[in-house]
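> Whatever position you read off the sequence shown (first residue = 1), add 196 for this note's numbering. Note that the Cβ used here is the ideal one computed from N, Cα and C, for glycine as well. Structure incoming, see below.
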Amino acid sequence: SAGVAARCVACFAALFAVPAAALAWDSAGHRTITFIALDGLAELSPDRPAFLAEDGARQIAAFQASEADRYRSVRSNYLKHENDPDHYLDVDDLGNFGLTLETIPPLRYEYLRAMVIAKHEHPEAAAGDPDRPPYNERRDFARTQEFCGYGAHAVMEHHGKLIAAFRTLRALQALNDPARAYQLEAARSNVLAEMGHLSHFVGDLAQPLHTTSHYNGWVGKNPNGYTTEKTFHAFIDGGVVALHDLNYASLCERAEFTRRVDAADAFADVLAHIMRSHDQMERLYIMQKSGDLQREPGKALIAERLLDGATMLAAMYASAWQASALGTDDAATFIKYDGLSAEPGGAQRRPRVAVPSSDAIPGAVTPPVRP
Numbered sequence: 197s198a199g200v201a202a203r204c205v206a207c208f209a210a211l212f213a214v215p216a217a218a219l220a221w222d223s224a225g226h227r228t229i230t231f232i233a234l235d236g237l238a239e240l241s242p243d244r245p246a247f248l249a250e251d252g253a254r255q256i257a258a259f260q261a262s263e264a265d266r267y268r269s270v271r272s273n274y275l276k277h278e279n280d281p282d283h284y285l286d287v288d289d290l291g292n293f294g295l296t297l298e299t300i301p302p303l304r305y306e307y308l309r310a311m312v313i314a315k316h317e318h319p320e321a322a323a324g325d326p327d328r329p330p331y332n333e334r335r336d337f338a339r340t341q342e343f344c345g346y347g348a349h350a351v352m353e354h355h356g357k358l359i360a361a362f363r364t365l366r367a368l369q370a371l372n373d374p375a376r377a378y379q380l381e382a383a384r385s386n387v388l389a390e391m392g393h394l395s396h397f398v399g400d401l402a403q404p405l406h407t408t409s410h411y412n413g414w415v416g417k418n419p420n421g422y423t424t425e426k427t428f429h430a431f432i433d434g435g436v437v438a439l440h441d442l443n444y445a446s447l448c449e450r451a452e453f454t455r456r457v458d459a460a461d462a463f464a465d466v467l468a469h470i471m472r473s474h475d476q477m478e479r480l481y482i483m484q485k486s487g488d489l490q491r492e493p494g495k496a497l498i499a500e501r502l503l504d505g506a507t508m509l510a511a512m513y514a515s516a517w518q519a520s521a522l523g524t525d526d527a528a529t530f531i532k533y534d535g536l537s538a539e540p541g542g543a544q545r546r547p548r549v550a551v552p553s554s555d556a557i558p559g560a561v562t563p564p565v566r567p
């Protein structure tokens, strides 16, 4: 179709802009998913911000799609503790905590509370498969491996942040104030950063090894003799993608943007995305054992996973844009809380903030107002 042809004119330019050495899913795969999802956003939401069609914007969003992995370059227990568990959700371990994918609480800390309570009340169950290596607190210096991961919650939280970024952009576009040109530029940058972050976590969860405790070789009971090699995850992330030449140019024409997510609350759709991926987890091990990963069946499976990540991301992008539509008072509210008042020379007056009277708040004492 004309739409597919137009998309793929850009795809070759995008392909040659990608460094040839960047082969891991952590980089090339995430870029591929982002580029295809941006194509999908154009198809699903033709009214999306025009700048997102520019090659520079596409490249920035695709670069940002690996930022969450670049955090790992810093050996900080604080950063690792916050960041690492957002990249996965071990579906097969949820039962240890009395949960299923369908019963996970949609709020991060309620989910964590449920796991903590389950571990306290049933420590023998939370320990999981006795044939697996036990949890080693000493080796887990950042305390990231105790629970099942927060991948679904990371997706929802970044989806919300993208809605907020889109809404700020809409407000600034509606104001059309030359004095706010730098704010508009910053708002566009924020949109691209959040599109990249959302892309990363949606993309990670499309990779089946991000949905299982068998994330890097089979652990525990292994009656089928699956590989236990600690190179397996890296092979799926990068080696098999490179082997089959799976990239934007080879996949863009195959993307069909029929997936939709609920703009009001996409959590159920995100869980379904994770389940589709987890359903293919054991197939990876079966194909590795048979050698099919290096042949056409493996190529088809990995291509399907990349495309599922991209089309899901396109639907998440489109739903975020839809949900960001301005209400009647949103632009005025932005002005109220932003408080910008430009003066000649670029100076800015500090806005006066109205202090509520003690009559307005029962029991409150009105503080003195600093002149």
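So Gln260 and His393 are supposed to be a Cβ contact under 8 Å. How far apart are they, rounded?
About 7 Å separates the two Cβ atoms, so the contact holds.
> Less than 8 Å separating the beta-carbons of Ala253 and Tyr513?
No, Cβ-Cβ distance for Ala253 and Tyr513 is not below 8 Å.
> Cβ of Thr423 within 8 Å of Cβ of Gly413?
Against a cut-off of 8 Å, the Cβ pair of Gly413 and Thr423 comes out as a contact.
> Excluding the five sequence neighbours on either side, which residues of its own chain have a C-beta within less than 7 Å of the C-beta of His318, listed in chain order?
Same-chain partners within the cutoff: there are none.
> From this set, Leu248, Ala310, Thr230, which residue's C-alpha is nearest Tyr346's C-alpha?
Taking only the C-alpha atoms, the option nearest Tyr346 is Ala310.
> Let me know the alpha helix (DSSP H) ranges lying completely inside the stretch 490-516, each 4 residues or longer, listed in chain order.
The stretch 490-516 contains no whole alpha helix (DSSP H) run of 4 or more residues.
> Taking contact to mean 3 or more Cβ pairs, one atom from each stretch, closer than 8 Å, check whether the stretch 477-497 and the stretch 520-530 are in contact.
Contact fails: fewer than three Cβ-Cβ distances are below 8 Å.
> Please state the DSSP three-state secondary structure of Gly291.
It is helical.
> Going by CA-CA distance only, name the one from Asp280, Tyr481, Ala496 that's closest to Glu263.
When only C-alpha atoms are compared, the closest one is Asp280.
> Give me the DSSP bridge partner(s) of Gly413.
Answer by DSSP bridge pairing, in chain order: Tyr411.
> For Glu395, count the other beta carbons within 10 Å of its own beta carbon; 16 or more makes it buried, fewer makes it exposed. Which is it?
Note on residue identity: the sequence assigns Ser, not Glu, to residue 395. Burial call: buried.
> Distance, Cα to Cα, Asp336 vs Pro330?
Taking the straight line joining both Cα atoms gives about 12 Å.
> Would Arg328 count as contacting chain B if we go by Cβ distances under 8 Å?
In the displayed structure, chain B is absent; only one protein chain is listed.
> Does the beta-carbon distance from Arg455 to Ala402 come in below 8 Å?
No.
> Under 8 Å, do Ala451 and Asp251 count as touching if we go by C-beta distance?
No, the pair does not count as a contact, with Cβ atoms beyond the cut-off.
> Is it right to say His316 is buried, meaning 16 or more other beta carbons lie within 10 angstroms of its own, or is it exposed?
Classification of His316: exposed, given that the 10 Å Cβ count is below 16.
> If you draw a straight line from the alpha carbon of Asp400 to that of Met508, how long is it in whole angstroms?
Roughly 12 Å separates the two Cα atoms.
> Which word fits Gly535, buried or exposed, when buried means at least 16 other C-beta atoms lie within 10 angstroms of its C-beta?
Gly535 comes out exposed.
> At which residues does the alpha helix (DSSP H) containing Ile256 begin and terminate?
Ile256 -> alpha helix (DSSP H) spans 251-260.
> Compute the beta-carbon to beta-carbon distance between Ala516 and Leu358, rounded to the nearest angstrom, for a pair I have assumed lies under 8 Å.
With 8 Å as the limit, Ala516 and Leu358 qualify as a contact, their Cβ atoms being about 4 Å apart.
> Going residue by residue through the stretch 294-360, where are the continuous alpha helix (DSSP H) segments of at least 4 residues, counting only ones entirely within it?
Counting whole runs of 4 or more residues, the stretch 294-360 contains the alpha helix (DSSP H) stretches 304-317, 319-322.
> Classify Lys426 as helix, strand or coil using the three-state DSSP reduction.
Looking at Lys426 - three-state DSSP - the assignment turns out to be coil, as it is neither helix nor strand.
> Quick one: give me the first and last residue of the alpha helix (DSSP H) that Gly399 is part of.
Gly399 -> alpha helix (DSSP H) spans 377-402.
> Skipping 5 residues on each side, what residues in its chain have a beta carbon closer than 7 Å to that of His474?
So the qualifying residues of the chain are Val287, Pro404, Thr407, Thr408.
> Span of the alpha helix (DSSP H) holding Thr230?
It spans 226-240 - the alpha helix (DSSP H) in which Thr230 sits, taken as one unbroken run.
> Which residues mark the beginning and the end of the alpha helix (DSSP H) in which Asn279 is found?
From DSSP, the alpha helix (DSSP H) with Asn279 extends over 273-279.
> So does Gln379 have its beta carbon nearer than 7 Å to some heavy atom of the ligand ADP?
This structure simply doesn't include the ligand ADP, nor any ligand for that matter.
> Can you grab the Cα-Cα spacing for the pair Leu380 / Leu368, in whole Å?
One C-alpha to the other measures close to 6 Å.
> Is the beta carbon of His410 sitting closer than 8 Å to the one on Met352?
No; because the gap between Cβ atoms is not below 8 Å, this pair is not in contact.
> Do you know how far the Cα of Ala377 is from the Cα of Leu388?
Answer to the nearest angstrom: the Cα atoms are 17 Å apart.
> Under 8 Å by Cβ, that's how I've got Leu480 and Leu442 pegged, so tell me the actual separation to the nearest angstrom.
Contact doesn't hold; Cβ gap of about 15 Å is too wide.
> Residue range of the alpha helix (DSSP H) that Phe247 falls in?
Premise fails: Phe247 is in no alpha helix (DSSP H) and is neither H nor E.
> Sorted by chain position, which residues of the same chain lie with C-beta nearer than 6 Å to Thr230's C-beta, five sequence neighbours on each side aside?
Answer for Thr230: Ala257, Ala258, Ala261, Ser395, listed in chain order.
> For Tyr444, which of helix, strand or coil comes out of DSSP?
Reduced to three states, the DSSP call for Tyr444 is helix.
> Return yes when the Cβ of Leu297 is within less than 8 Å of the Cβ of Met471, no when it is not.
Against a cut-off of 8 Å, the Cβ pair of Leu297 and Met471 comes out as a contact.
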